[in-house]
Amino acid sequence: MKPIIEARQVQKHFGQNHVLKDIEFAMGKGEVVSIIGPSGSGKSTFLRCINQLETIDGGYISVNGEIVGYRRQGNKLYHLSDREVARQRQAVGMVFQRFNLFPHKTVLGNVIEGPVVVQRRTVAESKDEAMALLETVGLAEKALAYPAQLSGGQQQRVAIARSLAMKPDAMLFDEPTSALDPELVGEVLGVMKTLAAMGTTMIVVTHEIGFCREVANRVAFMDQGRIVEEGSPDDILKSPKNQRVRSFVSAVL
Amino acid sequence: MSQSSASELRLEVVPPKKIGTNLLAAVCILLVLLIARSFWHGQIEWSVVKENLFARPVLIGLISTISMTFAAMGLGIFLGVGAAIMRMSENRVIRYIAIGYIWLFRGVPALLQLLLWFNLALIFPTIGFGDTFSVRTVDVMTPFVAALLGLGIQQGAYTAEVVRAGILSIDKGQAEAAAAIGMTRFRTLQRIVLPQAMRVIVPPIGNETIGMIKLTSLASVVQYSEILRKVQEVYYVNSRVIELLIVATFWYMVLVTIFSIAQFYIERHFSQGWGAARTSEKTKAEVPA
Chain E
38 MKPIIEARQV
48 QKHFGQNHVL
58 KDIEFAMGKG
68 EVVSIIGPSG
78 SGKSTFLRCI
88 NQLETIDGGY
98 ISVNGEIVGY
108 RRQGNKLYHL
118 SDREVARQRQ
128 AVGMVFQRFN
138 LFPHKTVLGN
148 VIEGPVVVQR
158 RTVAESKDEA
168 MALLETVGLA
178 EKALAYPAQL
188 SGGQQQRVAI
198 ARSLAMKPDA
208 MLFDEPTSAL
218 DPELVGEVLG
228 VMKTLAAMGT
238 TMIVVTHEIG
248 FCREVANRVA
258 FMDQGRIVEE
268 GSPDDILKSP
278 KNQRVRSFVS
288 AVL
Chain S
201 MSQSSASELR
211 LEVVPPKKIG
221 TNLLAAVCIL
231 LVLLIARSFW
241 HGQIEWSVVK
251 ENLFARPVLI
261 GLISTISMTF
271 AAMGLGIFLG
281 VGAAIMRMSE
291 NRVIRYIAIG
301 YIWLFRGVPA
311 LLQLLLWFNL
321 ALIFPTIGFG
331 DTFSVRTVDV
341 MTPFVAALLG
351 LGIQQGAYTA
361 EVVRAGILSI
371 DKGQAEAAAA
381 IGMTRFRTLQ
391 RIVLPQAMRV
401 IVPPIGNETI
411 GMIKLTSLAS
421 VVQYSEILRK
431 VQEVYYVNSR
441 VIELLIVATF
451 WYMVLVTIFS
461 IAQFYIERHF
471 SQGWGAARTS
481 EKTKAEVPA
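Order-wise, the sequence lines are chains E and S.
For what it's worth, my numbering labels the leading residue of the first sequence as 38, then goes sequentially.
For what it's worth, my numbering labels the leading residue of the second sequence as 201, then goes sequentially.
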C-alpha cells in the first residue's frame, strides 16, 4: 500500500540541539498511529514538521507522495512559495495542545473560516457542512457562542471540527488533552475514537496510554529524537523489547 | 440560648462618614464656581462668540480641520501598518529601513516637519522622473499637501510602534492555527492576527486621532485654512481675539467629544468574543430554538 505520510532520514536541529535523528516513518490510509515518549523526545516537533510548522534540515517528509516544503528538480530541492506551502498544508489537519481557536470568531465562524477563505467555497454550503461537523463533535447548539464561553474540552472539540472542515487526508493531534482538566479529557478522546472508527487517518502524540491501547493500530515510542521502538499497542505496552520503553511504560501504567 | 446568639450575630454595618473627602469636594465645587464667575465678569463679549460660532469662515475652517484629521490619520495608519510589518521582516535591510523611518520621523518635531515639506521647493525646484515627467514643486506642494505629508508621515512613525505592539500581543498559536488550515501569511495577517491586534491597537490610535485633531492646528503655519487659522483671519479684522479663540476652543471640544464617543463604539466592536457576559445575551437571541 502506498503510504499517505512518509518520513525518510529526517534530521532537525534547534541550534546545537539535534532534536530529530534519522526518523523513518510510514503510515497508510485509515491507520491510527500513536506517538508516545518522554517530554523533549521530539514527538511534537516531528508532528509539526509534517505540517511544515517547523522545517527539517535533512531527509524528507512526503504526504500523498508529494515532498512537503520543496520542489524536486534532479537532485536538488527548491523551497516552495508561501502559497504552495499553504496549499500542501490543506492535506493535513492539525489539532493543538492549546486549541488555538480564533477568539474573535464564533464557533461556526471558526469552522467555516478555512472552507470559505482558503477553499473559496460558498458560505451556505460551508455552514451546512460545519453544522454537520459540530453535530459529530456534539456542539451544534454552541454554534453561535464565542470560544471564551466554552470549556477547554468544548474548545478542543471545536478545534477538531475546524480541522475536519478542510477535508484533510490525515489528522495530526499534538497532545490534544494535555491542557485539559482531567474531567474534560474523556469528551475529547471520545470524539477522537469516533473519528478513528470512521476511518480517519490519524497521528496522535499523547500521554493517554489507555487511548493508545484502545484505538491505535500502531504505537511509536520516541526518545531523544529517535523512534526507538514501533509496533502494535500490545507489543509496545505489554512486552516492549527496548529497556527505555519498558521503564517508561511501567512508570506510566 | 441559640436564639440570643442568633440575634447577637445580626450586626449592622455603619458606613464611614468620610468627612474629609466631602469637605474637599465642597472646596473643589467652590473653586470651579469662582473660576466660572470670573470668566463671566471678564472682558469677554459673549454675543460676539455667539455670532461667530456658526459664521461661514469658522465652519469652513472646521471642515478643513476634520478632513485633515481623517486624511493625516489615514495616511498615518497606512504607513504605520506597513512600517510595523516591515519592522518584523526576516530581511535585515527591510527591517532597518522601517527602524530608520520610525527613528527619523518620530524624532523631528511635527511643526518643523511641516515647514520642511512646505519649503521643499527650496531643495528640489521640480519633481519628476528624469526628463519624461516633471512638475514645479511649488505647484504640487500646496498647503493641504504639505500639511498632509508633514502630519501623516510623522503619525505613521508613531502608529507603526502601536501596530507592532498589537501584532506582538497575539499568541503565536493563532498564526499556527491559521497556517494549519492552509492560510497564506498575508491571509493570516489580514483575517486572524490584525483583527485581534485591533483590540490592542484601537485605544492608542483613538488617543492619537484625538491628538491629531488638535495637531492639525499646526498646519496654520503652512497656510492651511484649518479652524485656528480661520478664526485668526476673523480677529485680524475685528480685533475680537479672545472671543474668536473661544469659538475655536468650542469646536475643538465638540470634535474631541464626538471622536471619544465613536472610539467607545469602535473598541466595543473589536472586543467581540472577549466580553463573555455581553455576547452571551446576543448569542441567546440569535440561536434558533
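We put the beta carbon where it would ideally sit given N, CA and C, even for glycine.
Does residue 474 (chain S) have its Cβ less than 9 Å from a Cβ in chain E? Looking up residue 474 (chain S) in the second sequence gives position 274. For residue 474 (chain S), the answer is yes, since a Cβ of chain E falls inside 9 Å of its Cβ.
Need the endpoints of the beta strand (DSSP E) that residue 260 (chain E) sits in, please. Counted from its first residue, the first sequence places residue 260 (chain E) at position 223. Counting along the chain, the beta strand (DSSP E) containing residue 260 (chain E) begins and ends at 255 to 260.
Can you pull the chain E residues whose beta carbon is under 8 Å from the beta carbon of residue 244 (chain S), in chain order? The residue given as residue 244 (chain S) occupies position 44 in the second sequence. What residue 244 (chain S) touches in chain E: nothing, since even the nearest Cβ is about 51 Å away.
What is the rounded straight-line gap between the Cα of residue 269 (chain S) and the Cα of residue 358 (chain S)? As a position in the second sequence, residue 269 (chain S) is number 69, starting the count at 1. As a position in the second sequence, residue 358 (chain S) is number 158, starting the count at 1. So the two alpha carbons sit approximately 15 Å from each other.
Within chain E, the residues that residue 468 (chain S) reaches when beta carbons sit closer than 9 Å: As a working note, residue 468 (chain S) is residue 268 in the second sequence. Those do not exist, as residue 468 (chain S) stays about 13 Å from chain E at its closest Cβ, beyond 9 Å.
Compare the beta carbon distance of residue 277 (chain E) and residue 289 (chain E) with 9 Å and say whether it is the shorter of the two. Position 240 of the first sequence, counted from the start, is the residue given in the question as residue 277 (chain E). Position 252 of the first sequence, counted from the start, is the residue given in the question as residue 289 (chain E). Going by C-beta atoms, residue 277 (chain E) is not nearer than 9 Å to residue 289 (chain E).
Could you tell me which of E:220, E:241, E:218 sits nearest to residue 229 (chain E), measuring between CA atoms? The residue given as residue 229 (chain E) occupies position 192 in the first sequence. Answer by Cα proximity: E:241.
Could you check whether residue 117 (chain E) and residue 144 (chain E) sit closer than 9 Å to each other, using their CB atoms as the reference points? Within the first sequence, the letter at position 107 stands for residue 144 (chain E). Within the first sequence, the letter at position 80 stands for residue 117 (chain E). No. Outside cutoff.
Could you check whether residue 261 (chain S) and residue 405 (chain S) sit closer than 9 Å to each other, using their CB atoms as the reference points? By 1-based counting over the second sequence, the position of residue 405 (chain S) is 205. By 1-based counting over the second sequence, the position of residue 261 (chain S) is 61. It is not a contact, given that the beta carbons lie outside the stated cut-off.
Taking 8 Å as the cut-off, does the stretch 187 to 201 of chain E touch the stretch 126 to 141 of chain E (at least 3 CB pairs, one atom from each stretch)? yes
If you run the structure through DSSP and keep just helix, strand and coil, what is residue 328 (chain S)? The residue you call residue 328 (chain S) lines up with position 128 of the second sequence. Residue state, collapsed to three classes: strand.
Kindly indicate which residue of E:180, E:40, E:155, E:221 has the alpha-carbon position closest to the one of residue 164 (chain E). Within the first sequence, the letter at position 127 stands for residue 164 (chain E). Nearest of E:180, E:40, E:155, E:221 to residue 164 (chain E), Cα basis: E:180.
Mind listing the chain S neighbours of residue 151 (chain E)? Cutoff is C-beta to C-beta under 7 Å, in chain order. Translated into positions along the first sequence, residue 151 (chain E) becomes position 114. The answer, in chain order, is 381, 382.
Opposite residue 47 (chain E) in the DSSP bridges: which residues? Counting from one through the first sequence, the residue named residue 47 (chain E) turns up at place 10. Per DSSP, E:60.
Going by the CB atoms, is the gap between residue 396 (chain S) and residue 136 (chain E) shorter than 9 Å? Mapped onto the first sequence, residue 136 (chain E) falls at position 99. Mapped onto the second sequence, residue 396 (chain S) falls at position 196. No, they are not a contact pair.
If the cut is a Cβ gap below 8 Å, which residues of chain A does residue 395 (chain S) touch? No chain A is part of this structure, whose protein chains are labelled E and S.
Rounded distance between the beta-carbons of residue 282 (chain S) and residue 352 (chain S), thought under 8 Å: Residue mapping note: residue 352 (chain S) aligns to position 152 of the second sequence, counting from 1. Residue mapping note: residue 282 (chain S) aligns to position 82 of the second sequence, counting from 1. Their Cβ separation, rounded to whole angstroms, is 12 Å, which puts residue 352 (chain S) and residue 282 (chain S) out of contact at 8 Å.
Which full runs of the alpha helix (DSSP H) of 4+ residues lie inside the stretch 110 to 159 of chain E, going along the chain? 119 to 126, 144 to 150
Please compile the residues from chain S whose C-beta is within a distance smaller than 7 Å of the C-beta of residue 250 (chain E). Residue mapping note: residue 250 (chain E) aligns to position 213 of the first sequence, counting from 1. Those within 7 Å of residue 250 (chain E) in chain S number zero; the least Cβ separation is about 28 Å.
Run through chain S and tell me which residues come within less than 7 Å of residue 119 (chain E), C-beta to C-beta. Reading the first sequence from its first residue, position 82 is the one you call residue 119 (chain E). Chain S residues near residue 119 (chain E): 384, 385.
Assuming residue 115 (chain E) contacts residue 108 (chain E) under a Cβ cut-off of 8 Å, what Cβ separation, rounded to an integer in Å, is found between them? Position 78 of the first sequence, counted from the start, is the residue given in the question as residue 115 (chain E). Position 71 of the first sequence, counted from the start, is the residue given in the question as residue 108 (chain E). That belief holds up - the Cβ atoms of residue 115 (chain E) and residue 108 (chain E) are roughly 5 Å apart, short of 8 Å.
Run through chain E and tell me which residues come within less than 7 Å of residue 373 (chain S), C-beta to C-beta. As a working note, residue 373 (chain S) is residue 173 in the second sequence. Those within 7 Å of residue 373 (chain S) in chain E are 133, 135, 137.
Along the stretch 173 to 184 of chain E, what residues have a CB closer than 8 Å to any CB found in chain S? 178, 180, 181, 182, 183, 184
Helix, strand or coil at residue 467 (chain S) [DSSP, three-state]: As a first step, residue 467 (chain S) is located in the second sequence; it is residue number 267 there, counting from the start. Helix, per DSSP.
Over what stretch of residues does the alpha helix (DSSP H) that includes residue 232 (chain E) continue unbroken? As a first step, residue 232 (chain E) must be located in the first sequence, where it is residue number 195. Start and end: 219 to 234.
Residue 101 (chain E) CB to nearest chain S CB: under 9 Å? Along the first sequence, read from residue 1 onward, the residue named residue 101 (chain E) stands at position 64. No, because no Cβ of chain S sits closer than 9 Å to the Cβ of residue 101 (chain E).
According to DSSP, simplified to helix, strand and coil, what is residue 207 (chain E)? Translated into the one-based positions of the first sequence, residue 207 (chain E) becomes position 170. Strand, per DSSP.
Below 8 Å on the Cβ atoms is my contact criterion, and I expect residue 74 (chain E) with residue 57 (chain E) to pass it. Report the Cβ-Cβ distance as a whole number of Å. Translated into the one-based positions of the first sequence, residue 74 (chain E) becomes position 37. Translated into the one-based positions of the first sequence, residue 57 (chain E) becomes position 20. That pair is no contact at about 12 Å.
Could you tell me which of S:237, S:210, S:245, S:377 sits nearest to residue 446 (chain S), measuring between CA atoms? Numbered from 1 along the second sequence, position 246 holds the residue referred to as residue 446 (chain S). Of the listed residues, the one whose Cα sits closest to residue 446 (chain S) is S:245.
Quick one: what's residue 276 (chain S) bridged to in DSSP? In the second sequence, counting from the first residue as 1, residue 276 (chain S) sits at position 76. Paired residues: none, contrary to the question.
Taking a contact to mean a Cβ-Cβ separation below 9 Å, would you say residue 370 (chain S) touches residue 265 (chain S) in this structure? Looking up residue 370 (chain S) in the second sequence gives position 170. Looking up residue 265 (chain S) in the second sequence gives position 65. It is not a contact, given that the beta carbons lie outside the stated cut-off.
Which chain E residues are close to residue 392 (chain S), counting only those with a beta carbon under 7 Å from its beta carbon? Your numbering for residue 392 (chain S) matches position 192 in the second sequence. Those within 7 Å of residue 392 (chain S) in chain E are 139.
To which residues does DSSP link residue 263 (chain E) through a beta bridge? As a first step, residue 263 (chain E) must be located in the first sequence, where it is residue number 226. According to DSSP, which records beta bridges pairwise, residue 263 (chain E) is partnered with E:260.
Test item: CB-CB of residue 226 (chain E) and residue 212 (chain E) under 9 Å: Here residue 226 (chain E) corresponds to residue number 189 of the first sequence, with the count starting at 1. Here residue 212 (chain E) corresponds to residue number 175 of the first sequence, with the count starting at 1. In this structure, residue 212 (chain E) does not lie closer than 9 Å to residue 226 (chain E) by Cβ.
Candidates E:160, E:206, E:69, E:221: closest to residue 234 (chain E) by CA position: Translated into the one-based positions of the first sequence, residue 234 (chain E) becomes position 197. Looking at the Cα atoms, E:69 is the closest of the given residues.
CB of residue 266 (chain E) within 9 Å of CB of residue 257 (chain E), strictly: For the purposes of this step, residue 266 (chain E) is taken as the residue at position 229 of the first sequence. For the purposes of this step, residue 257 (chain E) is taken as the residue at position 220 of the first sequence. Yes, they are a contact pair.
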